[in-house]
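Residue numbers for the sequence shown follow UniProt numbering, beginning at 1 and rising by one.
Note that the Cβ used here is the ideal one computed from N, Cα and C, for glycine as well.
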Amino acid sequence: MPRRISSSSGSICNPARTGLVSSRLTFPPLRVVLFIGFSLAAGLAAALNREALLVLLAAPETEGRALVVFTLVAGAWFFASQLVLAPFGTVSVIATSAVIGWQAGLLYFAAMVLAGMIVYVISWQTPGRASRTLAQFIRDRRRQAFLRLLSRRARRRPVLMTAVLRLVPVLPSAGCAMVTGLSGFSLRALLLGTLATGWVRPVLFAVFGDQIATAAREGFAWTSLLANPALWISLAGLGATSAALWLLLAPAGPGISGPRQDRN
1 MPRRISSSSG SICNPARTGL VSSRLTFPPL RVVLFIGFSL AAGLAAALNR
51 EALLVLLAAP ETEGRALVVF TLVAGAWFFA SQLVLAPFGT VSVIATSAVI
101 GWQAGLLYFA AMVLAGMIVY VISWQTPGRA SRTLAQFIRD RRRQAFLRLL
151 SRRARRRPVL MTAVLRLVPV LPSAGCAMVT GLSGFSLRAL LLGTLATGWV
201 RPVLFAVFGD QIATAAREGF AWTSLLANPA LWISLAGLGA TSAALWLLLA
251 PAGPGISGPR QDRN
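Below, the structure written as structure tokens:
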């Protein structure tokens, strides 16, 4: 593994950072991922209706096999979509959860862990290209300011920084792994932060999509929503990480309430 990039050697969005041995690994072009997505679009659209999916697979009695096939296809798409900086995650999770339930969030989370490790290694070994890709995507000054603030405050707490990036919708999934690699943090920090909070948003969106599908078929019921343990677990994770974000951005000194505003 190449040497670590020092977190104080420059901004995570500075395309001039170099010095590591280049790797044969590279980010897949966005058009390739879109081609994969459009190739699977017919199956994903049909899967919103279980009967249509069963017809495509030729036998109504093969419902179990149909769901397995759909789960594998959805998992492949989840993995491919998280190798690039593109906002595919939310829509994909909601659509998939209409078929396989809130477990679609866990499937997306598993793909997030695998894709994140690959993006991390690419960002670590090709920092120049990763920085340019990240800088081209992040054009909103508010997101840039938030990332700079988070990077400064979390230099000694890489796991917490990764956990916050996984929860706050500032970057797509691949962006979190890019920032972790460019900041010089270890792969262990990426994995621990992802395991801590990476599942929260996918599971929440999957619960939402599952309830929409249930309401379309049977009518909406608050009792079924409130009885879903995944909802409460995700809300608990959301609250815990929001508290961690507050502590991360809050000032260290006493007598000041709320996050500190940095002066220009």
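Separation of residue j from residue i, as counted between CA atoms
i    : j    : result
I94  : F78  : 12 Å
V207 : A227 : 11 Å
P127 : R157 : 21 Å
L195 : R217 : 34 Å
S131 : L182 : 8 Å
A177 : R201 : 16 Å
W199 : I233 : 10 Å
C13  : S123 : Model confidence at C13 stands at a pLDDT of 47, short of 50, so the residue's coordinates are unreliable; what they give is reported in the following sentence. Going by the C-alpha atoms only, they are around 12 Å apart.
L106 : P172 : 17 Å
A80  : G209 : 21 Å
T197 : G239 : 11 Å
T133 : G175 : 9 Å
T96  : F88  : 12 Å
I125 : F185 : Per the sequence presented here, residue 125 reads as Gln, with Ile not at that position. Going by the C-alpha atoms only, they are around 13 Å apart.
L72  : M112 : 15 Å
Buried/exposed call for residue i, threshold 16 Cβ in 10 Å
i    : result
Q82  : buried
R166 : buried
L160 : buried
Q136 : exposed
V84  : buried
V91  : exposed
A145 : exposed
L204 : buried
Inter-residue CB distance, residue i and residue j (contact presumed, cutoff 8 Å)
i    : j    : result
V180 : Y120 : Here residue 180 is Thr; the residue named in the question, Val, does not match the sequence. Yes, they are in contact, since the Cβ atoms of T180 and Y120 sit about 6 Å apart, within 8 Å.
A213 : A86  : Going by Cβ atoms, the distance from A213 to A86 rounds to 24 Å, so no, they are not a contact pair.
I100 : L67  : 6 Å
A104 : A74  : 7 Å
V164 : L150 : 6 Å
V170 : R143 : 5 Å
Proximity test, residue i beta-carbon vs the ligand GTP heavy atom, cut-off 6 Å
i    : result
T126 : Looking at this structure, you won't find the ligand GTP or any other ligand, since it has none at all.
Given 8 Å, three or more beta-carbon pairs between the stretch 184 to 203 and the stretch 115 to 124:
yes
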